[in-house]
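Numbering (the working numbering), first residue to last: 7 to 688. Ideal Cβ positions, reconstructed from N, Cα and C, are used throughout, including at glycine. Below: the structure, in structure tokens.
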């Protein structure tokens with residue numbers, strides 16, 4: 007376990023995470039030449055959607071050896087629509103490598119992934135990429151990082167520039183310099199004039215080192231030099247405790263500074279045995295601190311599922327104790343089921359290497375688990391422990407999906423079900439009222455990728471439409487009407503006659519009462535009349551939406567001893583319903599939801615203005631419990647919220663989040679109601 011490093015690579019989209027990972031693989035000898043994101047030749051981005059879009063969509067695992075250590079590098083997507091995959095990658099890691107561009111500095115995505123790492127309480131290392139760009143500024147980026155992430159940000163290297171060209175860097179820890187000529191790296195003395203620049207930075211490192219131990223603090227104040235072992239151990243402790251965030255820099259594209267970064271990962275980031283893992287007993291939920299060792303009974307967490315149309319479901323898992331062996335049986339306490347493990351694999355991108363077992367601290371892959379989903383625990387049955395799962399973000403955007411060809415409905419449901427195994431951040435729901443199947447995802451790009459995967463993996467073409475808003479209708483006045491159904495066509499005829507008073511009801515469901523005197527309508531026909539009204543109330547008279555808050559009182563009527571029947575009275579009730587609702591002041595009701603928007607204070611005005619444009623009513627505003635974000639609360643019609651996720655992301659630069667829940671129906675304004683009625687098929 008001490009020779010393993012599990013690192014999740016995170017950062018804003020287009021900061022160069024995949025290119026950096028590719029350079030690591032090249033340096034480790036896993037690939038013979040550097041792949042390119044633009045050419046679709048990287049080990050990490052092998053999915054057809056990733057190659058087409060030239061960006062990471064899925065979390066992938068790259069495994070390689072570097073200087074007697076095994077690195078499990080988890081490359082994650084950078085765009086907001088795939089935050090679930092980032093959280094999944096962080097779940098399996100013992101430390102985070104946060105990548106940012108030296109050109110764009112601290113982006114919104116940088117702040118988000120930093121937050122994920124802090125929430126999981128894992129050590130953090132930074133890599134400032136694209137430092138070879140003449141528009142990049144290491145100094146400015148460091149200032150931004152210190153402002154956002156605090157004094158723990160500690161530069162371990164400083165770039166050497168000759169004119170506008172990035173030529174190498176000074177290692178501030180050991181005060182050596184490395185210069186690059188093409189792919190050749192040469193150790194050189196610290197260039198003249200740079201000693202004065204890096205000296206205060208080295209003092210910063212020494213001060214951080216001193217703060218990790220009382221004895222070192224004494225040596226620091228006595229101006230005694232630390233030994234290399236003292237420096238290394240103190241840095242490891244500071245990194246593990248979160249008091250030191252080492253910062254490296256370089257260029258993934260040109261493979262400059264990557265080997266030093268890889269060395270730093272091995273020297274300063276913790277091994278699995280150094281990280282605490284707390285689970286809970288499956289039967290009592292009592293917390294249990296896990297001893298991460300091979301000698302313990304087995305436990306593991308599945309953190310990623312890949313849906314392969316040919317191989318089937320493939321599950322990536324991290325072992326926390328004991329050993330997961332091929333052809334063995336383990337218990338899934340989340341599902342209460344036993345799982346048979348087949349063949350086990352080590353992964354490097356899509357390359358699979360069969361292995362016999364995966365030991366504590368390591369990561370592996372198994373195919374065709376029957377019951378186990380992402381976030382589930384596998385353990386020895388007598389252990390019966392549930393490890394912490396993954397909290398995925400809830401969907402924020404819904405689109406209705408329609409088959410392009412008739413008869414493809416079952417294929418759509420089957421394909422989407424398999425894709426949900428792979429991606430728990432989207433759901434599929436069926437709205438029985440609107441007869442629509444809805445894909446609920448993280449954004450427009452996310453849903454677009456799901457539709458593309460449905461086509462490429464399962465051969466189903468679909469059309470996306472905006473979801474139909476489930477309006478309602480009701481009445482505002484009282485009206486008394488008669489409904490008569492009389493038909494004679496030889497033999498027995500049909501006769502039913504009712505007089506019904508319609509008025510606004512106190513409950514959403516239909517209230518039916520009878521006040522018939524003298525047996526003008528026999529009691530045995532009352533249920534048929536009520537059934538006729540219930541069936542009719544499924545469609546209003548304005549736009550065909552269900553009618554709510556309706557009270558109907560049967561006052562009178564007549565019957566024929568031979569021609570009357572339940573069907574005749576049911577039809578008579580329907581006739582009375584249609585006429586009565588027209589006279590009772592029918593109106594359209596629209597669904598209203600409660601919105602909570604968490605946004606930076608600087609855009610509060612824009613957000614409030616946007617809510618007003620959506621016909622929303624501001625209910626409150628002020629500070630929130632989320633760092634750096636204020637809260638705006640409002641009631642907004644659901645029909646106005648379809649694109650809110652996209653618009654809020656644009657307004658806030660990706661910083662804003664929101665929740666939105668249905669609360670009630672209320673009367674739609676006349677101009678809105680007229681549009682709804684005009685667009686209906688009635």
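Does residue i come out as helix, strand or coil in the three-state DSSP assignment?
i	result
residue 422	helix
residue 574	helix
residue 689	With the chain covering only 7 through 688, there is no way to say anything about residue 689.
residue 299	coil
residue 642	strand
residue 647	coil
residue 635	coil
residue 680	helix
residue 548	coil
residue 226	helix
residue 565	coil
residue 211	helix
residue 50	coil
residue 406	strand
residue 292	coil
residue 204	helix
residue 629	strand
residue 1	The question about residue 1 has no answer here: the residues shown for the chain are numbered 7 through 688.
residue 417	helix
Is it buried or exposed for residue i, if we count other Cβ within 10 angstroms and need 16 for buried?
i	result
residue 1	The requested residue 1 does not occur in the structure, where the chain is confined to residues 7 to 688.
residue 443	buried
residue 707	Absent from the model: residue 707. The displayed extent of the chain is 7 to 688, so no value can be given.
residue 97	buried
residue 246	buried
residue 512	exposed
residue 68	buried
residue 655	buried
residue 58	exposed
residue 308	buried
residue 377	exposed
residue 18	buried
residue 429	buried
residue 182	exposed
residue 445	buried
residue 436	exposed
residue 401	buried
So residue i is in the alpha helix (DSSP H); what residue range does that whole segment cover?
i	result
residue 70	Segment 66-72 is the beta strand (DSSP E) holding residue 70; no alpha helix (DSSP H) there.
residue 658	650-658
residue 618	610-619
residue 160	Here residue 160 belongs to no alpha helix (DSSP H); instead the beta strand (DSSP E) covers 159-161.
residue 142	Neither: residue 142 is in no alpha helix (DSSP H) and is coded neither H nor E.
residue 274	264-274
residue 54	54-59
residue 239	234-247
residue 538	532-542
Specify, as a first and last residue, the run of the beta strand (DSSP E) that residue i falls within.
i	result
residue 478	478-481
residue 253	251-255
residue 33	Taken as a continuous stretch (DSSP letters only), residue 33 belongs to no beta strand (DSSP E), being part of the alpha helix (DSSP H) at 23-33.
residue 554	Looking at the DSSP string, residue 554 is not in any beta strand (DSSP E), and its letter there is neither H nor E.
residue 283	283-287
residue 358	357-361
residue 434	433-437
residue 327	318-327
residue 7	It is not in any beta strand (DSSP E) - residue 7 carries neither H nor E in the DSSP assignment.
Please confirm if residue i has its CB atom under 8 angstroms from at least one CB of chain B.
i	result
residue 650	In the structure shown, chain B cannot be found, because there is only a single protein chain.
* Asked: Which ranges would you report for the alpha helix (DSSP H) in the region 72-138 if only whole runs of at least 4 residues count?
  -> 89-98, 114-126
* To do: State whether the region 271-291 contacts the region 384-401, with contact taken as three or more CB pairs (one from each stretch) at a distance under 8 angstroms.
  => yes
* Would you call the region 489-499 and the region 579-587 in contact, with 3 or more CB pairs under 8 angstroms? -> yes
* **3-residue-minimum beta strand (DSSP E) runs that sit fully inside the region 446-516, ordered along the chain** => 468-471, 478-481, 485-493, 500-510
* Would you list, in sequence order, the uninterrupted beta strand (DSSP E) runs of no fewer than 3 residues that lie entirely inside the region 158-191? => 159-161, 163-168, 171-177, 182-187
* Is it a yes or a no for the region 464-475 touching the region 668-677, going by three-plus beta-carbon pairs under 8 angstroms? -> no
* Asked: Using 8 angstroms as the Cβ pair cut-off and three pairs as the minimum, do the region 257-273 and the region 126-145 touch?
  -> yes
* Asked: Does the region 76-84 come close enough to the region 47-66 to have 3 or more Cβ pairs within less than 8 angstroms?
  -> yes
* Three or more beta-carbon pairs under 8 angstroms between the region 24-44 and the region 320-332, yes or no? -> no
* Using 8 angstroms as the threshold, is the region 87-95 in touch with the region 289-299, meaning 3 or more CB pairs across them? -> no
* Specify whether the region 71-81 and the region 105-124 touch according to this definition: at least 3 beta carbon pairs, one from each stretch, less than 8 angstroms apart. => no
* To do: Taking 8 angstroms as the threshold, find out whether the region 672-688 comes into contact with the region 429-439 through three or more Cβ pairs.
  => no
* Could you tell me whether the region 142-151 touches the region 186-203, using the rule of 3 or more Cβ pairs below 8 angstroms? => no
* Would you be able to state if there are at least three C-beta pairs under 8 angstroms between the region 549-561 and the region 509-529? => yes
* To do: Answer yes if the region 120-129 comes into contact with the region 213-221, meaning at least three C-beta pairs across the two stretches below 8 angstroms, and no otherwise.
  => no
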